[in-house]
Structures are given as C-alpha cells and as structure tokens.
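Undergrad: Chains as they are written, first to last, in this note's numbering: chain W, 128 to 313; chain E, 38 to 600. Where a beta carbon is used, it is the ideal one built from N, C-alpha and C, also for glycine. One structure coming up, written as structure tokens, with questions to follow.
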Amino acid sequence: MKSHLIPAILLTICCNIFFSGIYTVAMLGVAQIAPNQGKGEIVTVNGKYYYENIAQKFTDDKYFWSRPSAVDYNAAGSGGSNKGPTNPDYLAQVQARIDTFLAHNPSVKKSEIPAELVTASGSGQDPNLSPQGAFVQVARIATARNISEEKITSLVNESIEKPLLGLFGTTKVNVLKLNIALDNLK
Amino acid sequence: MNTEIIGVISIYVLTLALAYLLGKYIAKVFSGEKTFLDPVLNPLDNLFFRISKIDPLSEMDWKESLVALLTVNIVWFLFGMLVMMNMGWLPLNPDENPSMPADQAFNTVVSFVSNTNLQHYSGETGVSYLGQLILQLFQFISAGAGMAAAAVVFNAMKERTADKLGNFYNYFIKSCTRILLPLSFIVAIILMFNGTPMTFLGKDQVITMQGDTMNVSRGPAAAMVAIKQLGTNGGGFYGANSSVPFENPNYFTNMIENISIDLIPIALVFALGFYLRRKKLAWMIFGVMTAGYLCLLIPTLSLEMGGNPMIAKMGIDQSSGSMEGKEIRFGPAASAFWAITTTVTSNGSVNSMHDSLTPLSGMFPMLGMQINALYGGVGVGFLNFYIFIIIAVFIAGLMVGRTPEFLGKKVEAKEMKIAMIIFLLHPLLILVFTGLASYIIHLHPEYPWLNNPGYHGFSEMLYEYTSSSANNGSGFEGLGDNTPWWNVTCGIVMLIARFLPIIGPVAIAGILAKKKYIPESSGTLRTDTASFGIMVFAVIVILVALSFFTALALGPLAEYLSM
Chain W
128 MKSHLIPAIL LTICCNIFFS GIYTVAMLGV AQIAPNQGKG EIVTVNGKYY
178 YENIAQKFTD DKYFWSRPSA VDYNAAGSGG SNKGPTNPDY LAQVQARIDT
228 FLAHNPSVKK SEIPAELVTA SGSGQDPNLS PQGAFVQVAR IATARNISEE
278 KITSLVNESI EKPLLGLFGT TKVNVLKLNI ALDNLK
Chain E
38 MNTEIIGVIS IYVLTLALAY LLGKYIAKVF SGEKTFLDPV LNPLDNLFFR
88 ISKIDPLSEM DWKESLVALL TVNIVWFLFG MLVMMNMGWL PLNPDENPSM
138 PADQAFNTVV SFVSNTNLQH YSGETGVSYL GQLILQLFQF ISAGAGMAAA
188 AVVFNAMKER TADKLGNFYN YFIKSCTRIL LPLSFIVAII LMFNGTPMTF
238 LGKDQVITMQ GDTMNVSRGP AAAMVAIKQL GTNGGGFYGA NSSVPFENPN
288 YFTNMIENIS IDLIPIALVF ALGFYLRRKK LAWMIFGVMT AGYLCLLIPT
338 LSLEMGGNPM IAKMGIDQSS GSMEGKEIRF GPAASAFWAI TTTVTSNGSV
388 NSMHDSLTPL SGMFPMLGMQ INALYGGVGV GFLNFYIFII IAVFIAGLMV
438 GRTPEFLGKK VEAKEMKIAM IIFLLHPLLI LVFTGLASYI IHLHPEYPWL
488 NNPGYHGFSE MLYEYTSSSA NNGSGFEGLG DNTPWWNVTC GIVMLIARFL
538 PIIGPVAIAG ILAKKKYIPE SSGTLRTDTA SFGIMVFAVI VILVALSFFT
588 ALALGPLAEY LSM
C-alpha cells in the first residue's frame, strides 16, 4: 500500500487540476458563445427580463396559471411533492386543487381538467402546459380581461410547440410566453 | 403512432447504435491499440503519468491492482471530507452556502467516491461552487476506477495462463481521458446551447410578471451534468436533478442525457466482445441484460402512461398519464423510460420524482437496482453480471454433470464461495438495514422520516437502502434522509457495496487467469449460446426473486393491492 500512496496523492492532484479545473474553464470558454453566455436563457419585455424556462407563479385570473409547484415556484430550491400515489393527504390536496380550479373556472366541466393542472411537477418549475391545460383556462381569462374567447383561443393555438421534429415527445405551450403575448393583446 | 412512444424507441435505438461504435473504440483503448484521439491525448496521458510517477508499462497482478484502487480511493475520501467540511469559507461560494456537518459530509463523500451520488443535500443550498467542482472530479474518477476494474477483469478473461493483468493506473487514466472526457465535452456543449447554465455567477433575483420577487439559482451546471450522466453517477447540480428546466431544458436534451445514461454500460458489453474476439459471448450477455431490461421497462411505461387510478376516481381525466412529479416537456413515457434506465444502470439521476410513481412502477426501478447487473454501472455493472455468470456456469455444470468451466478455466469451490458471498451481500445489506430502520420508526413514530404513511412509507426506506447498496443514488425523495442515522447507515452501506463487489469479481478473474488454460472441446459447456443465456437469466430471476419478494410484498405490492 505504501508504494502506491505517493502515486495516489499525485494522481489525485493531477486529476483535480484537470477534471475540476481545466475541463470546467474550457467549458466556460465555450459558454461565451452559447445563448446568453451560459447564464440561462431569458426573454426581455419592456426593459424587464424573465428566465424563459423557469415557471413563474401566476394566481391572477387574467393570466394562464402554471402547474402547481410543491416548492411554491422557488427557482433556488427545486423539488417535487414526493407524495405517494395513494397517500390520503395527497389525494385531499388534489381534490382541493380541483375545487379551487372549478370555483375560478365555473364554465369548465371536471372531466375537461387535464391531470397536470391538479398535480405538482417534478422540479416545481415546470414552465409548460399541454394545449388542453391552456384551453380550459381560456373562458376565465376572457371574462377577466373582457376579450373574446376566440382571440385567446387563437393565441393559444399560435403558441403550441409541436413535438421535436414533429416526431418525438410531447406537444406543449410555454406559460410565460403565452402570458407575455396575452399582455400584448389589444 | 404516439410521438411519446416514438420518442423513447428512438432514444433506445440511438443508444444501441452509438454503444456499438463506442464499444469498438473502448476495446482499442483497453488493449492499447491506436485510436484517432492519440495525437491529442498521448501527451496528456504522459503528463499524468510523469507527474504522478507512474510507469504505465509495469504490469500488476490482481492483488496489486486492488491495492492501487483502494489506496487511491482512501486519498479521494480524505480530500473530499476536507473540502465538504470547509467549503463555506473557501472561495467560489457566491451564494454563501454553508460547510457540511461531519455526518452529512461522510455521506456525501462516500456517495460520490463510490459512484453512487445519493444526495442528502440540495445542490442550490447545500454546496458551494467549489464543492460542486470537487464532486464533478469524483464523477470522473469514480467512473474511471470502475472501468479500470472492468478492464482488469477483461484482461484476465483472455485465453491464456497469466499472472500480470496490465497496469491499473493506465486503465484508469485512459478511461478518464479517452472515454469519459471527450464524451463529456460533447454532451456539455449540447446542453449549454440548449439553455443549461455554465457560469460562476450566483443566484439572480428577478421580479415576476405578477410582481413577486424570485431567486433563480445558476452555476457551472452544464459541465457537471454531462459527466453525471456519462459516468453513471447521477448526482445533479440542482436539487431536483434532471427534472429541473436548467438541468434538462427540453426533449432533445432529455434524449441526449438519457442516451448518456446507458451508453457506456452497454458499450462495455460490446467492448468485451471486441476485446476478447468473442462476439457471441458479448451478444449472449447483451441479450440477457436486454431481456431483463424490457421486462421492467414495458410494464412501467404502460402503468405511467395509464395514470393514477386514485385520481381517475375523482373524475380527472388520466389520458395524459400520471403527472405527479413529472414534467410536461418529457411526458409520462420519457419519464418512465428514464426511471428504468437510470435504475438498471447504477446512474440514479431522475427526470421525474420516483416517490410519486404509481405503486408497481415504483417497484420496477427497485427491482432494477436489486438485480444491479442489467447493463449496470460503468464497469461495475459488468462485474456484477460476471458474478451471475460464474454462478450459472457452476449450476449448469452440475446439472449436466460436467466440470464447470468458463472460457477455458475450471471454476472451483473457492471462486464459487467468493461469488456467493458477493451475491448475498446485496440482499443482506438492503434487508438488514431496512429492517432496522423499520423497527426504529416503529418505536419512534414521531421521527420526521417518512413523507407518506403505510406501505408507501416502508417503500421509501426499502428504496433508500436498495439505492445505496446498488450504488445508484436515486431515491424516494420524500424520505427525511439528512439525519445522522440515514447519513451514517447509508454511507456504510454504500462503502461496503462499492468495494466488495469490485474486489470479488477481480479476485475470481485473477484466480481463474492463473489457472491452466483448457482449450474448448466437445465436452465443454459453451457459454456463448442462447441456452446458456436463458440459464443466466433464470439464475438472476430466481436468486433476486427469492431474496427480495417478501420485502417488495410489504411495500409496493401491498400498496398496489390496497388501491
């Protein structure tokens, strides 16, 4: 063991310099030509900026709501609810979300609510909804903003992001971008 | 066909195609043949050897290889403890995160040195950027150490009688610089261009559209996320791992990260075939692993896409699948696919919360970890499979009344004893510690350990020790695991479950390599056939089912039946 101790220490120092240091610095260098220089993608609106991929908390009736978040949309402490599928407390919480949603959206039938609107995401920062998740909120927003439902529906339709190359994955909308477009609607 | 299903099938097909090519390359690296990266990497490797005073040409026997492996791991452990317990006042800490207390540092360092990456801290608040960089170092070198151990066993399986099995350091450095490093470069760059941060700036504060104040954690994430996936480490930069939009921004990055999870484990199987020029043997191993993988994958896909029946009962449409703990941009199919891939390999990164999987699809990841050899961790997955081969050779030999032989070497009592001890270690660690923890929580129900009552609470504890012993690192994260009990016991389990299952197979292979080589004849039980593959599969199913059925019956199965 003794004869291996010196090489082991030297090797650790070498690896540390290379895999913690040089590799990271090289990647930082590449990041300078990446979107927003590797500081996270942002959208700028009227001089304010938001992180495009991070969900924001929307509780106002005139905005599309994001999915529920177990960490209250804390982007400096991600997390899911980690509730088991049969946990009675959890199921009561889902029921409460259903009731709240129906109270704010009286024209929506329970069977029209997609599962994602009453379940918390994994990260607590899910920036997306399925198109159905946006459509069920249209009537509420139309009333709150006094804009026709058709206009908002067509806005949602324009915002739909198709699966990758039209082939792989899910169809979705970005809630933040949708709400920005909503504020620009006149 | 459903685009979610097409998505996961393409991930798998792409993984296999890339793994085949990478396997060829790895075989060349392990056998010291020329590769296209030599002009760049030869000088780098030589620099490592020169500074570390290592002669890469001096060969070691199996014992010396293990001594080298263990010595270097002790140095890593001490170094890691030093950093984790002092990072609070060291540089690169813009968010002013604290140092770890001793028990948490012990857990974290063991976890990263053992390639487990069970995280009892959250990346955003629990470590500084310096801490993250040191953990990133361990993600390279613990993976490299596993691959080097596999390379020693590959060498020992050659058709000859030999004592010397190559130089451990040589295998180790080449695994890091020639396999992990180039791939990490590629993956990290792809991630960066899709929105994963790579910066040393701390948290940013923004005002949301509604006027709330919101902090956003950033950091040098892209570099770490790449090696976390490729080295079957799994330790995420952010707390919720690859479900976080910054860590895994879109479906494309999800495909790339998911491919990275099982790329090297599968490539190593092909590499064995090229290295030994025994492609049929490699196909047999690959076939058994894939059959087991599909047995776990297909039901999980179907269950997660089917949704949670308890929520369906409330009148909510479940056609979009069970969405608790999942992200819209991945959907239930890619989440279920990831859950199985990350647990059959010993990766342990997650893109959805396993605690919220429906009961049976929470069981299949556990089974993947309990077998721990369907692809498996980089290097060590093959070593675990090697144990099953030895056991199958022995049983098959007895059944047909022939001396058990594997690749021209007689398998005798000593090797069988080692193989059985290594196999039994895994259920022993998992079941004994789960039992102890269950007893403690029974005595002290006030402990804030369990996030869910009843059977699911038991599953949380069973999953934690299964994950620790499989060196996986995923969790039913509802478990309140940052307490001295969980930090220390999981640390002990990870330590034992990392090193004995490396020592055992290397010892068996080393002992076999020294034995007289008997050329294959018509009397030899062939190990590269489909019928032997079925034998290995049966051995795995019977041993694992006998070991774990009762525990699973108390957790996920009971929860399923109670729905």
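(1) What three-state label does DSSP hand D354/E in the structure shown?
(2) Would you list the one or two residues that DSSP bridges to L315/W?
(3) Beta carbons nearer than 9 Å to chain E: which residues of the stretch 251-270 of chain W have them?
(4) Quick one: Cα of I298/E to Cα of A266/W, how far?
(5) Considering Cα atoms alone, identify which of W192/W, I268/W, Y217/W is closest to S234/W.
(6) What residue range is occupied by the uninterrupted beta strand (DSSP E) comprising K166/W?
(7) With 7 Å set as the bound, which would you pick, yes or no: does the beta-carbon of H131/W sit closer than that to a beta-carbon of chain E?
(8) Check K129/W in the structure and name its three-state DSSP category.
(9) Any idea which residues DSSP pairs D241/E with across the strands?
(10) State the start and end residues of the unbroken alpha helix (DSSP H) segment that holds K175/W.
(11) Would a C-beta distance cut-off of 7 Å place E41/E and G368/E closer than the cut-off?
(12) Taking C-beta to C-beta, are Y423/E and P593/E nearer than 7 Å?
(13) Quick one: what's P241/W bridged to in DSSP?
(14) Using only the alpha-carbon positions, how far apart do G358/E and M390/E sit?
(15) How do the stretch 164-182 of chain E and the stretch 76-87 of chain E stand: do at least 3 beta-carbon pairs fall below 8 Å, yes or no?
(16) Going residue by residue through the stretch 396-473 of chain E, where are the continuous alpha helix (DSSP H) segments of at least 4 residues, counting only ones entirely within it?
(17) Could you check if N134/E is buried or exposed, using at least 16 other CB atoms within 10 Å of its CB as the buried criterion?
(18) Does the count of Cβ pairs from the stretch 391-399 of chain E and the stretch 196-214 of chain W closer than 8 Å reach three?
(19) Show which residues of chain W have a CB atom less than 9 Å away from the CB atom of M292/E.
(20) Would M122/E count as contacting chain W if we go by Cβ distances under 7 Å?
(21) Determine which residues of the stretch 91-115 of chain E have a Cβ less than 7 Å from any Cβ of chain W, and write them out in chain order.
(22) Touch check for the stretch 563-570 of chain E and the stretch 314-329 of chain E: three-plus C-beta pairs under 8 Å?
(23) So, is Y217/W buried or exposed, given that buried needs 16 or more other C-beta atoms within 10 angstroms?
(24) Taking contact to mean 3 or more Cβ pairs, one atom from each stretch, closer than 8 Å, check whether the stretch 529-538 of chain E and the stretch 131-151 of chain E are in contact.
(25) Could one say the Cβ of G368/E lies closer than 7 Å to chain W's Cβ atoms, at least one of them?
(26) Report the residue ranges of all alpha helix (DSSP H) runs contained in full by the stretch 243-291 of chain W; include only those spanning at least 4 residues, in chain order.
(27) For K166/W, return the contacting residues in chain E, with the cut-off set at a CB-CB distance below 7 Å.
(28) Could you spell out the range, first to last residue, of the alpha helix (DSSP H) harbouring Q266/E?
(29) Curious, which full-length alpha helix (DSSP H) runs of at least 4 residues does the stretch 139-203 of chain E contain?
(30) For M235/E, which beta-bridge partners are listed by DSSP?
(31) Suppose the cutoff is 8 Å on Cβ atoms and the five residues either side in sequence are ignored; what does the same chain contact list for Y275/E look like?
(32) Does the distance from the CB of D565/E to the CB of H157/E come in under 7 Å?
(33) I540/E and L55/E - do their beta-carbons sit closer together than 7 Å?
(34) Can a CB atom of chain W be found closer than 7 Å to the CB of S151/E?
(35) Can you tell me which of the three DSSP states V306/E falls into?
(36) Taking C-alpha atoms, which residue in D132/E, W126/E, M122/E lies nearest to A139/E?
TA: The relevant details are as follows:
(1) strand
(2) The question about residue 315/W has no answer here: the residues shown for chain W are numbered 128 through 313.
(3) G251, Q252, D253, P254, N255, L256, S257, Q259, G260
(4) 43 Å
(5) I268/W
(6) No beta strand (DSSP E) contains K166/W, which DSSP labels as neither H nor E.
(7) yes
(8) helix
(9) V253/E
(10) No alpha helix (DSSP H) contains K175/W, which is instead part of the beta strand (DSSP E) from 175-178.
(11) yes
(12) no
(13) D354/E
(14) 14 Å
(15) no
(16) 396-408, 417-437
(17) buried
(18) yes
(19) L291, F295, G296
(20) no
(21) I91, V104, A105, T108, V109, V112, W113
(22) yes
(23) buried
(24) yes
(25) yes
(26) 258-262, 265-272, 276-286
(27) P234, T236, L238, R255
(28) 258-267
(29) 139-150, 160-163, 166-193
(30) P257/E
(31) S159, G160, E161, S254, A258, V281, F283, E284
(32) no
(33) no
(34) no
(35) helix
(36) M122/E
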